[in-house]
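Student: Each protein sequence line maps, in turn, to chains A and B.
Quick note on numbering: the first sequence equals residues 1 to 414 in my numbering.
Quick note on numbering: the second sequence equals residues 415 to 942 in my numbering.
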Amino acid sequence: MQLPNGLRVLMVEDNEAPVVNVQVWYHVGSKDEKPGQTGFAHLFEHLMFDGTTNLDPDEFSNYIVKAGGIDNAYTTEDTTVFWETIPSSVLPVALWLEADRMHNLDISDRSFKNEREVVKEERRQRFDNQPYGDVVEVLYAHAFTVHPYKHVPIGSMEDLDRASVNDVRSFYNTYYVPNNATLVVVGDFSPAELKSSVEEYFGPIAQGQPVRRDIPVEPPQTAQRTLKLTEDVALPAVVEGYHMPADGAPDAYPVHLVSKILAQGESSRIYRRLVYEKQMALEADSQGNFTEDPNLFFVLAVLNSGFTPAQAESEIASVLADLRDHPVSDQELDKAKNEMLGDLIVSHQSTQSRADELGYDAVVLKDPELVNTQVDRYVAVTPADIQRVARTYFIPENMTLIEVMPDAKSGQGN
Amino acid sequence: MKLEVKTRAGKWLIIASLTQLVLLAAVITAHALLAGTLPHARTRSTPPSVPPPEPIALPTPTVRTLANGLQVLVVEYRTLPVLTLRMNIGAGPEADPSKLPGTAQFVASMYNEGTTEHSALDLAEQIDGAGGTWDNDSVWDISSGTLTVLADHADLAFDLMADMTIHPAYAPRDVERIRKETVSALEVLHSDPSYIADAVVNQLILAGTPYGHPADGTLEATNGLTAQDLSAFHGETYLPNRSVLAVVGDITPAAAFALAEKDFGSWANSTAAQTVMGSSTSVVQGATAAGNPAPKWTTTAQPAGTTRIVIVDKPDAVQTEIRVGFPGIPRSSPDYVALTVANQILGGPASNRLFSDLRGEHGLTYSASSDLNCYLTTGTWVAKTSTRTAETTKAVQRVLQEMKQMRDHPISAFELQQAQDYLIGHQALDFETSAGIADQFLDLLTYRLPLNTWSTWPAALGKLTPDDIWQATRKYLDPDQATIVLVGNSSAFEKDMRRLGATRVIPVDALDLGSPDLVRAGGGAGGR
């Protein structure tokens, strides 16, 4: 269903439990930020809770809470998502609240400044005051040269300080418009009542200008990039980032399965080699950060005391070379597919996880039908596909490597 | 992409993982908790009004006890072809031998690391091949293993779960591997300010109880644990009459009970005596077996008597982790319902005063909350937040001020109503999925509470008055007897803290969670 103002509405009815999940997906994330404005998409997400012409700051959540519901929001590189999980009797309230802040946001200078401090505390808590907290930021800054994925969604302190309440209105008018939004409702509702509530609350909101996206394309990487960091951490670590295809691209499906082959479960290759056989790593993992534009596939390991990054890099290189040089067995590929199937099924248990997937498929992959059809794309992957993507992406010249070493104070050993 | 936080086969609940940091960098979640002011009267458009939430009809759990005392709980859910087995063993780190903190967690870490029949790798191959996931854990009162498989592997799942639960091998090679991982994990945790703050405040408040040592163990104990220690702990605690098996998913109760009988029917109880942390508490501890009568709850945790402050000095910190806590209650306490409401209002999982004040009003923090942690024989009540170094004193004062307010004045009828509405309405969410339903009933079975506890919960909440909440709050929350723990750059706030109460400063490098006075021998001259 689509309203005349461009709002897309996706609904899945399920009356198993008296619960419903509502999500509004805005197609704007940190990749839409210009240089000098990093962190603004996420800061803006916070501001969406800070009042409208109808509601005082933070009153929004009180309506959800007093019904026993929960609400939250998150920002990624590509999207900003607001959601509520609520007893189904209060669905109309949630729809009204989402329509209200899409239409009537009203931010005071005081709440803007307050929220900016909160976001800076968030950065300190989650990154600056955490062991290994800056590694990802440094990796992205070097792996990308022009594409805005080179900065992470939390943004820099300097840019956050520079943000002003004047930026708010223009960001709101540009991106928080019905034609840039997708409403997802999954759970216990009556379709006719839902349709009429949606038309009543969201219908009057004026359509915005079409959103222009002029995102630069990242040129192919041609040589390995290596960085060494010395930090206040207890153990050395290695993080490798390989450029990989955008999610939903044909090659993305075998790459998803590669992450299963390399790192899901204790019989997976990276885990087995680094943790089980060589006992050189506390943890070893590989996983793609799949996004709308091509992003990075990570292979990482936190090393036990006494092992060097070079030793881990050599083992990882050998595991990846094996993946390039020899096709996986049907049995190992089937195991990876089974794991993927297990993930997909388990993720269908709650209304929220189903709405997450539906929204993601619709907004980022641009095809909501994928919730039903993507299993077939995984099933169709062959050992030759795995070998092809390994040879295309998991090669040294496509890699940015970070070695993290404990500083003198932390690395005293035991 | 919204990345899920991937847990490495559940090895470490505790690990401050680089993986998580990598994957979370892309997902910035803003508002776990939001609180706010009450609606003001003004002319404007308002949301449609709806009646307050009605209590929902709860499913009736199907529970059967095998001859050996193992309780089997089945929650049938046929919509998806998935089956989960969760084994809850009624013993966690509180059952650690006195010299060996971390034993329960080490034993749990070895849960899937090889049996007398299958090697660790063999188990992993079978689980991964069934599209399965494995998770294990050991927290206060509970050690657990959770196996999820595609439903057509039900027979295999029961076989593996029984084999892993009853016949662990503790092969030297696997013990050494897990030891190495545990040591590394502890080293990482010991550099995480939030972990340090949680561990220190717990130890200060619960000193002298079976819960007053580091649940994750210490480097010294981890290095000293032998396969015999693990085997002894397993033999004394992994027993059918103190365990509950939850079976959730695409299976009929009849089929689940038949498989449970086949695979777990011959599991025997041992009569071995138990040795536990702290000799004076062995009586309480001995009564925790699920087959025994519930212990009469006692707690040896005492209020601090006066405000006591411990600062763990980390000069390079940009933020201070703050904890303010008190002795709390065991899960079976008659004050549980009233304190749940009080905690909801102070810092619970929704609108609350701490969040509203520290974040909403003053922009001091990203998160502020309080936890009512209730264990079998004792508990804690702890407020937690973090703030930039320069605002540390102010944030501590704000937390204490909110506590004083809770202690000196009854809550309003409106606040009570809001908390009751939230807790009653929220039951619909707690019982939404089969896994959620199983968790709710496992909680009752583990703490030996009546199975109708959740169906009578709305009535128990509904009859509370503001005075009930106030009286219960005053028994436990006293800011003049608070235990305050700060992990951060001490030089910026130490003087202020000394004005507030007796203050110890422990350099982070001298901190030893395994030592009764928290300081490593020869490492820091007992603090300053």
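No residue lacks a Cβ here, since even glycine has one placed at the ideal position from N, Cα and C.
Of the choices D285/A, T226/A, A163/A, L370/A, whose alpha-carbon is the least far from that of P35/A?
Tutor: Within the first sequence, the letter at position 35 stands for residue 35/A. The shortest C-alpha separation from P35/A is found at A163/A.
Student: Taking N129/A as the reference, which of G559/B, L856/B, D730/B, S533/B has the closest Cα?
Tutor: Translated into positions along the first sequence, residue 129/A becomes position 129. Ranking G559/B, L856/B, D730/B, S533/B by Cα distance to N129/A puts D730/B first.
Student: Spell out whether any CB of chain B is found under 9 Å from the CB atom of D128/A.
Tutor: Taking the first residue of the first sequence as position 1, residue 128/A is located at position 128. So, interface residue.
Student: Express the C-alpha separation of Y172/A and T182/A in angstroms, rounding to a whole number.
Tutor: Residue mapping note: residue 182/A aligns to position 182 of the first sequence, counting from 1. Residue mapping note: residue 172/A aligns to position 172 of the first sequence, counting from 1. Spanning the two alpha carbons is a distance of roughly 16 Å.
Student: Figure out for me which residue from E121/A, L139/A, L47/A, W83/A has the closest Cα to the Cα of L772/B.
Tutor: Residue 772/B sits at position 358 when you count from the first residue of the second sequence. Selected option, being the one with the closest Cα: E121/A.
Student: Short check: CB of T887/B to CB of A752/B, under 9 Å?
Tutor: By one-based count along the second sequence, residue 887/B stands at place 473. By one-based count along the second sequence, residue 752/B stands at place 338. Taking 9 Å as the Cβ cut-off, T887/B and A752/B qualify as a contacting pair.
Student: Considering Cα atoms alone, identify which of P153/A, Q374/A, D109/A, R272/A is closest to N166/A.
Tutor: Position 166 of the first sequence, counted from the first residue, corresponds to residue 166/A. Of the candidates P153/A, Q374/A, D109/A, R272/A, the one whose C-alpha sits nearest the C-alpha of N166/A is D109/A.
Student: Along chain A, which residues have their Cβ under 9 Å away from the Cβ of I825/B?
Tutor: If you number the second sequence from 1, residue 825/B lands on position 411. Chain A residues near I825/B: none, gap ~15 Å exceeds 9 Å.
Student: List in chain order: all unbroken alpha helix (DSSP H) runs of 4+ residues lying wholly within the stretch 824 to 897 of chain B.
Tutor: You should have 827 to 839, 841 to 844, 848 to 860, 871 to 876, 880 to 890.
Student: So G69/A and P87/A are supposed to be a Cβ contact under 8 Å. How far apart are they, rounded?
Tutor: The residue given as residue 69/A occupies position 69 in the first sequence. The residue given as residue 87/A occupies position 87 in the first sequence. About 7 Å; that satisfies the 8 Å criterion.
Student: Whole angstroms are fine: how far does the CA of V346/A sit from the CA of Y491/B?
Tutor: Counting from 1 along the second sequence, the entry for residue 491/B is found at position 77. Counting from 1 along the first sequence, the entry for residue 346/A is found at position 346. About 12 Å.
Student: Could you give the DSSP three-state label for S390/B: helix, strand or coil?
Tutor: Residue numbering for chain B in the displayed model covers 415 to 942; residue 390/B lies beyond these limits and cannot be assessed.
Student: Would a check of beta-carbon distances place H532/B closer than 9 Å to chain A?
Tutor: Against the second sequence, residue 532/B aligns to sequence position 118. Cβ-Cβ to chain A under 9 Å: no for H532/B.
Student: Less than 8 Å between C-beta atoms, sequence neighbours within five positions excluded: which residues of the same chain meet that for P406/A?
Tutor: Along the first sequence, read from residue 1 onward, the residue named residue 406/A stands at position 406. Contacts found: T230, E231, D232, V233, A234, L235, P236.
Student: At least one CB of chain B closer than 9 Å to the CB of Y63/A: is that the case?
Tutor: Counted from its first residue, the first sequence places residue 63/A at position 63. Output row for Y63/A: interface = yes.
Student: What's the C-alpha gap between D573/B and G663/B?
Tutor: Here residue 573/B is taken as the residue at index 159 of the second sequence, counted from 1. Here residue 663/B is taken as the residue at index 249 of the second sequence, counted from 1. The alpha-carbon atoms of D573/B and G663/B are separated by roughly 17 Å.
Student: Could one say the Cβ of R773/B lies closer than 9 Å to chain A's Cβ atoms, at least one of them?
Tutor: Counted from its first residue, the second sequence places residue 773/B at position 359. For R773/B, the answer is yes, since a Cβ of chain A falls inside 9 Å of its Cβ.
Student: Should W548/B be flagged as near chain A, meaning a C-beta pair shorter than 9 Å?
Tutor: In the second sequence, residue 548/B corresponds to position 134, counting from 1. Chain A contact via Cβ: present.
Student: S684/B versus chain A: which residues are under 8 Å apart at the beta carbon?
Tutor: Translated into positions along the second sequence, residue 684/B becomes position 270. What S684/B touches in chain A: nothing, since even the nearest Cβ is about 29 Å away.
Student: Between P254/A, T80/A, W96/A, which has its C-alpha nearest F60/A's C-alpha?
Tutor: In the first sequence, counting from the first residue as 1, residue 60/A sits at position 60. When each option's Cα is compared against that of F60/A, the closest is W96/A.
Student: Consult DSSP for E84/A and reduce its assignment to one of helix, strand or coil.
Tutor: For the purposes of this step, residue 84/A is taken as the residue at position 84 of the first sequence. Reduced to three states, the DSSP call for E84/A is strand.
Student: Just tell me which of A505/B, T529/B, W554/B, A481/B has its CA closest to the CA of A585/B.
Tutor: For the purposes of this step, residue 585/B is taken as residue 171 along the second sequence, with counting starting at 1. Measuring from the Cα of A585/B, the nearest candidate turns out to be T529/B.
Student: Spatial neighbours of I541/B within its chain, please: CB distance less than 6 Å, with the 5 preceding and 5 following residues excluded, ordered by chain position.
Tutor: Locating residue 541/B in the second sequence gives position 127, where the first residue counts as 1. Same-chain partners within the cutoff: W548.
Student: Report the three-state DSSP secondary structure of F307/A (helix, strand or coil).
Tutor: Along the first sequence, read from residue 1 onward, the residue named residue 307/A stands at position 307. Reduced to three states, the DSSP call for F307/A is coil.
Student: Quick one, are the C-beta atoms of V755/B and Q834/B less than 9 Å apart?
Tutor: In the second sequence, the residue the question calls residue 755/B occupies position 341. In the second sequence, the residue the question calls residue 834/B occupies position 420. Taking 9 Å as the Cβ cut-off, V755/B and Q834/B qualify as a contacting pair.
Student: Under three-state DSSP, which class holds S693/B?
Tutor: Position 279 of the second sequence, counted from the start, is the residue given in the question as residue 693/B. For S693/B, the pLDDT reaches just 33, beneath the cut-off of 50, and the residue's location in the model is therefore unreliable, although a value from the coordinates is still provided. Of the three classes helix, strand and coil, the one that applies to S693/B here is helix, per DSSP.
Student: Within the same chain, show all residues whose beta-carbon is closer than 8 Å to that of H326/A, passing over the 5 residues directly before and after it, in chain order.
Tutor: If you number the first sequence from 1, residue 326/A lands on position 326. Correct list, in chain order: Q387.
Student: Enumerate in chain order the residues of its own chain whose CB-to-CB distance from S89/A is below 8 Å, with the five nearest sequence positions on each side excluded.
Tutor: The residue you call residue 89/A lines up with position 89 of the first sequence. Answer for S89/A: P18, A67, listed in chain order.
Student: How would you list, in chain order, the residues of chain B whose beta-carbon sits under 8 Å from the beta-carbon of L341/A?
Tutor: In the first sequence, residue 341/A corresponds to position 341, counting from 1. Within chain B, the residues near L341/A are G545, L564.
Student: Does any residue of chain A have a CB that is nearer than 9 Å to the CB of A613/B?
Tutor: Within the second sequence, numbered from 1, the residue matching residue 613/B stands at position 199. So, not an interface residue.
Student: Beta-carbon of V726/B versus every beta-carbon of chain A: anything under 9 Å?
Tutor: In the second sequence, the residue the question calls residue 726/B occupies position 312. So, not an interface residue.
Student: Would you report the Cα separation of V375/A and L341/A, rounded to the nearest angstrom?
Tutor: Numbered from 1 along the first sequence, position 375 holds the residue referred to as residue 375/A. Numbered from 1 along the first sequence, position 341 holds the residue referred to as residue 341/A. The straight-line gap from Cα to Cα measures roughly 7 Å.
Student: Using CA atoms only, rank isn't needed, just tell me which of G719/B, R737/B, A481/B, P466/B is closest to D677/B.
Tutor: The sequence position of residue 677/B within the second sequence is 263, counting from 1. Among G719/B, R737/B, A481/B, P466/B, the Cα nearest to that of D677/B belongs to A481/B.
Student: Which chain B residues are close to H348/A, counting only those with a beta carbon under 8 Å from its beta carbon?
Tutor: The residue labelled residue 348/A in the question sits at position 348 within the first sequence. Result: L494.
Student: Nearest to Y175/A by alpha carbon, out of D343/A, W25/A, V255/A?
Tutor: Reading the first sequence from its first residue, position 175 is the one you call residue 175/A. It is W25/A.
Student: For N903/B, tell me which candidate among I920/B, W795/B, I580/B has the shortest Cα-Cα distance.
Tutor: On the second sequence, residue 903/B is found 489 positions in, with the first residue counted as 1. Selected option, being the one with the closest Cα: I920/B.
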